Structures are given as structure tokens and as C-alpha cells.
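As C-alpha cells, the structure follows; a few thoughts come after it.
Residue numbers (this note's numbering): 94 to 202.
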């Protein structure tokens with residue numbers, strides 16, 4: 094089963110004029126290529142995913158589970174998502190979300 098990582102770059106996410114962190118789209122795409130990702134883990138840069146109050150939202154669909162991350166404030170957090178994607182792609186498609194990302198995990202209302 095393919096894992097899909099959707100990164101929001103919509104009406105609020107990535108909008109620095111609204112006080113949000115810029116979404117590093119080109120860096121994410123480059124890291125994706127550099128790590129040889131794409132066969133089993135797909136990257137999707139999306140328009141609005143929804144929960145705008147969380148800003149800088151990522152939706153991960155993995156093994157039928159939907160994992161929402163929000164309030165991403167650093168490039169390091171995006172890198173942690175990529176590092177996890179590498180594990181999913183190359184080692185273990187059932188790998189759990191890293192503990193370091195659990196603090197930004199949420200369930201939309």
C-alpha cells in the first residue's frame with residue numbers, strides 16, 4: 094500500500110504575511126529526490142487541507158491510517174518527516190511516527 098504525504102501550501106499554510114513559517118517546498122522536493130523516494134511513499138504539495146487554525150499542516154496516509162500534523166514551525170520538523178519517509182520507503186512500511194513528531198500530531202474536529 095502506498096503512503097502519501099500531503100503538505101499544505103494553501104490559504105494559510107506557509108503564508109509568512111500571516112505569521113506562519115514558509116513551507117520549504119523546493120527543499121522538500123529536493124530531499125525527496127536526494128533520498129530516492131517516490132516508489133512507495135508519494136509527496137503531494139497540496140492546496141488547503143483544512144484545519145487552518147493549526148497552520149502548516151501535513152496529512153499522512155499510511156497503511157489506511159490518517160495522521161495529521163500541524164503547527165510545523167521549523168525546517169527540522171519537515172526534515173524529520175522526510176527521514177521517516179525514508180524509513181517507510183526503504184526499511185519498514187509499518188514504521189510508527191517518530192516520538193519527536195507526536196507533539197504536533199492532532200485529530201481534526
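Virtual Cβ for every residue (Gly too), placed ideally from N, Cα, C. Please read all numbers here as calculations on a predicted model, not as lab measurements.
Sequence-distant residues of its chain with Cβ nearer than 7 Å to residue i (five each side left out)
i	result
residue 118	102, 138
residue 191	173, 177
From the options, residue whose alpha carbon lies closest to that of residue i
i	options	result
residue 170	95, 112, 100, 96	100
residue 141	107, 189, 111, 194	107
residue 105	95, 199, 149, 189	149
residue 162	96, 111, 114, 195	195
Backbone secondary structure at residue i - three-state DSSP
i	result
residue 108	coil
residue 197	coil
Extent of the continuous alpha helix (DSSP H) run through residue i
i	result
residue 158	It is not in any alpha helix (DSSP H) - residue 158 instead sits in the beta strand (DSSP E) that spans 158-162.
residue 135	Per DSSP, residue 135 belongs to no alpha helix (DSSP H); it is in the beta strand (DSSP E), 134-139.
residue 165	Element bounds for residue 165: n/a, residue is neither H nor E.
residue 97	Counting along the chain, residue 97 falls outside any alpha helix (DSSP H), though it belongs to the beta strand (DSSP E) covering 96-101.
Limits of the unbroken beta strand (DSSP E) element including residue i
i	result
residue 142	That residue, residue 142, is in no beta strand (DSSP E); it is neither H nor E in DSSP.
residue 152	151-155
8 Å Cβ shell around residue i - same chain, five flanking residues per side excluded
i	result
residue 113	105, 106, 107, 148, 149
Item checked: Three CB pairs or more closer than 8 Å across the region 144-156 and the region 117-130 -> no
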